[in-house]
Amino acid sequence: MHDIKAIRENPAAFDAALSRRGLSALSPQILALDADRRAKIVAAETAQAEQNRASKEVGAAKARGDEAEFERLRALVAQSKADIARLTAEADAQDVALRDLLMGIPNLPLPEVPDGKDEAENVEIHRWGTPRAFDFPPREHFEIPAVKPGMDFETAAKLSGSRFVVLKGAVIRVHRALAQFMLDTHIEEHGLTEMWTPVLVKDDAMYGTNQLPKFAEDSYQTTNGWWLIPTSEVTLTNSVAGDILDEAVLPIRMTAHTQCFRSEAGSAGKDTSGMLRQHQFEKVEMVTICTPDTHLAEQDRMRDCAQAILEKLEIPYRTVTLCTGDMGFGAQRTYDLEAWLPGQNTYREISSVSTCGQFQARRMNARYRAAKTETGGGKPEFVATLNGSGLAVGRCLIAVLENGQQADGSVLLPAVLHPYLGGRTKITADGQLA
RNA sequence: GGAGAGGUGGCGGAGUGGUCGAUCGCGCCGGUCUCGAAAACCGGAGUGGGUGCAAGCCCACCGUGGGUUCGAAUCCCACCCUCUCCGCCA
Numbered sequence: 004m005h006d007i008k009a010i011r012e013n014p015a016a017f018d019a020a021l022s023r024r025g026l027s028a029l030s031p032q033i034l035a036l037d038a039d040r041r042a043k044i045v046a047a048e049t050a051q052a053e054q055n056r057a058s059k060e061v062g063a064a065k066a067r068g069d070e071a072e073f074e075r076l077r078a079l080v081a082q083s084k085a086d087i088a089r090l091t092a093e094a095d096a097q098d099v100a101l102r103d104l105l106m107g108i109p110n111l112p113l114p115e116v117p118d119g120k121d122e123a124e125n126v127e128i129h130r131w132g133t134p135r136a137f138d139f140p141p142r143e144h145f146e147i148p149a150v151k152p153g154m155d156f157e158t159a160a161k162l163s164g165s166r167f168v169v170l171k172g173a174v175i176r177v178h179r180a181l182a183q184f185m186l187d188t189h190i191e192e193h194g195l196t197e198m199w200t201p202v203l204v205k206d207d208a209m210y211g212t213n214q215l216p217k218f219a220e221d222s223y224q225t226t227n228g229w230w231l232i233p234t235s236e237v238t239l240t241n242s243v244a245g246d247i248l249d250e251a252v253l254p255i256r257m258t259a260h261t262q263c264f265r266s267e268a269g270s271a272g273k274d275t276s277g278m279l280r281q282h283q284f285e286k287v288e289m290v291t292i293c294t295p296d297t298h299l300a301e302q303d304r305m306r307d308c309a310q311a312i313l314e315k316l317e318i319p320y321r322t323v324t325l326c327t328g329d330m331g332f333g334a335q336r337t338y339d340l341e342a343w344l345p346g347q348n349t350y351r352e353i354s355s356v357s358t359c360g361q362f363q364a365r366r367m368n369a370r371y372r373a374a375k376t377e378t379g380g381g382k383p384e385f386v387a388t389l390n391g392s393g394l395a396v397g398r399c400l401i402a403v404l405e406n407g408q409q410a411d412g413s414v415l416l417p418a419v420l421h422p423y424l425g426g427r428t429k430i431t432a433d434g435q436l437a
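Our numbering puts the first sequence at residues 4 to 437.
Okay, structure coming up:
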């Protein structure tokens with residue numbers, strides 16, 4: 004959510020940033036609402052102050068036994084009650100209206116974010132590894148002989164419909180190894196703290212990380228009102244909602260491995276084969292809570308953590324900075340990591356690392372108290388929040404399988420996974436670990 | 001699921017209708033004292049909003065939302081959460 008004071012102080016800058024995201028100027032509408040709201044607040048508070056004064060006089064009259072004056076004042080106060088109720092309701096309504104409006108406006112891109120309409124205009128900033136030269140036509144993951152016995156879409160369809168998968172045998176073991184490997188690396192080498200969180204959350208959490216109010220149709224809700232998280236960004240980030248943190252505890256760098264649930268509404272026909280895009284998938288997520296002056300450095304750090312995973316897995320990838328037209332609702336800047344998928348002969352998104360600045364913190368009311376200095380401090384300020392995949396486990400499995408496939412139908416597995424697989428180094432063409 | 005207890009400021013803990021935004025203790029910050037520190041003493045200190053150049057003033061907040069009343073942290077209703085015991089259970 005945006006800071007109304009910042010918009011008030013510099014509406015032109017606000018509108019200019021909005022236009023970079025392809026939105027028309029909103030500050031006139033916002034400022035009009037804001038002015039109206041403040042006028043209503045003044046009216047309501049003035050009336051309330053008068054009543055409070057009168058009430059004290061009533062009490063005083065009663066105390067000195069002046070019954071006539073007591074009754075006169077009492078009637079007066081009683082009369083103004085309805086007026087106050089009306090004014091207060093109006094002020095509240097304006098407040099809600101402004102909040103609703105601000106809630107629906109996306110975050111503003113940082114100056115260094117490239118302008119652009121869509122993903123075609125993202126800017127590559129880093130490339131690692133060289134795609135293997137195949138002396139046979141590389142297959143997509145679900146067509147590799149070694150994989151086929153362990154990736155069962157028919158059974159999943161029987162159970163749940165399309166966009167689900169049943170994994171078995173060697174394939175799920177590699178999947179599990181991947182998640183463990185990612186977590187262990189983040190914990191031991193990157194200094195992140197592992198968390199285990201609910202995957203069912205209340206409305207408030209979904210508002211905090213921007214899923215609500217605009218993107219309700221992208222998530223699933225239970226009959227009693229809980230939401231299934233589309234990413235553990237929701238639980239990790241909202242873990243500090245409403246808090247006033249001591250600056251000394253920042254930055255807080257977390258990671259979690261959870262199931263994620265997405266309806267994929269609007270993605271009909273997109274990536275329908277294989278397990279690239281599922282309703283249910285696993286992700287190792289990273290979330291950082293930090294001070295606003297450190298968030299850019301923290302974002303680079305987080306990106307490096309994600310890149311390190313791909314490098315250890317020996318998967319060629321490239322990193323892009325998303326252009327204004329491709330950024331998510333809450334992001335100020337986003338790096339996407341795209342893994343090389345030989346079966347598709349292209350790079351596909353496997354991680355997205357975003358800083359939201361104070362955007363989510365304002366929604367969640369998550370603050371920190373800056374250490375006192377001569378110049379100030381000591382006052383609560385909103386924290387900055389960042390989130391990134393570290394990585395999407397299912398997509399990472401795809402990348403490992405496609406990049407490791409051999410002419411004979413087997414798959415060679417990256418060395419860092421061998422310890423997690425009892426020393427086994429490959430999946431044979433008939434689907435066995437060996 | 002059943003029974004009971006409880007939700008007050010960073011923490012502990014008072015407060016059952018009228019200057020209570022809230023006694024007190026601890027912790028915290030500033031000062032006095034000290035070579036320095038501790039102790040002691042003095043003083044300060046919540047959050048959000050509105051208004052104002054500012055000092056300040058005003059409004060709201062004692063789990064949440066309603067209600068009663070001239071007036072509510074205090075009374076009433078609903079809900080949420082926590083704890084204890086019992087039951088069930090991965």
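All C-beta atoms, glycine included, are put in the ideal place defined by N, C-alpha and C.
What three-state label does DSSP hand residue i in the structure shown?
i      : result
VAL419 : helix
MET305 : helix
SER355 : strand
GLU317 : coil
GLU288 : strand
MET4   : coil
LEU231 : strand
GLN435 : coil
VAL237 : helix
LEU394 : strand
ARG336 : strand
ARG77  : helix
ASP118 : coil
GLN409 : coil
Using DSSP bridges, identify the partner residues of residue i.
i      : result
LEU344 : THR349
CYS293 : ALA387
LYS429 : LEU415
GLN262 : GLU285
MET439 : The chain is shown from 4 up to 437; residue 439 falls before or after that span and cannot be answered.
THR322 : HIS129 and LEU340
Return yes when the Cβ of residue j is within less than 8 Å of the Cβ of residue i, no when it is not.
i      : j      : result
PRO152 : GLY426 : no
LEU3   : VAL386 : Within the shown structure, residues of the chain are numbered from 4 to 437, placing residue 3 beyond reach of any answer.
ALA328 : GLU127 : Ala is not the amino acid found at residue 328; the sequence shown has Gly there. Cβ distance not < 8 Å, so GLY328 and GLU127 don't count as in contact.
GLY391 : VAL287 : no
VAL204 : VAL168 : no
SER354 : LEU340 : yes
ARG321 : TYR350 : yes
GLN97  : LEU36  : yes
ILE255 : THR200 : no
LEU111 : LYS43  : no
ARG176 : LEU424 : yes
LYS65  : PHE73  : yes
ALA334 : CYS359 : yes
HIS298 : ALA182 : no
GLY412 : PRO134 : no
GLY277 : PHE362 : no
ALA57  : LEU79  : yes
LEU316 : VAL252 : no
PRO216 : GLY331 : no
ARG280 : ARG102 : no
CYS308 : GLU285 : no
Tell me the rounded alpha-carbon separation between residue i and residue j.
i      : j      : result
ARG76  : GLY245 : With the sequence shown as reference, residue 76 is identified as Leu, and Arg is not the correct amino acid for it. LEU76 and GLY245: Cα-Cα distance of roughly 42 Å.
ALA271 : GLN54  : 60 Å
GLY269 : THR275 : 13 Å
MET305 : SER357 : 9 Å
PRO319 : HIS129 : 11 Å
HIS421 : ALA364 : 41 Å
VAL451 : VAL61  : Lying outside 4 to 437, the shown extent of the chain, residue 451 is not represented and no answer is given.
HIS193 : MET257 : 10 Å
GLY380 : ILE7   : Reliability fails at GLY380, whose pLDDT of 49 lies under 50, so the model's placement of it is uncertain and no value is given.
GLU301 : LEU389 : 8 Å
GLU143 : VAL174 : 15 Å
ALA432 : GLY172 : 13 Å
ASP95  : ILE33  : 16 Å
ALA136 : ALA402 : 15 Å
ALA9   : ASP18  : 12 Å
ARG41  : ARG336 : 33 Å
LYS429 : GLY407 : 9 Å
ALA52  : PRO117 : 51 Å
GLN347 : PRO140 : 11 Å
LEU415 : VAL150 : 12 Å
LEU186 : SER235 : 14 Å
*Note down, one range per segment and in chain order, each alpha helix (DSSP H) of at least 4 residues found wholly within the segment 136-179.*
156-163
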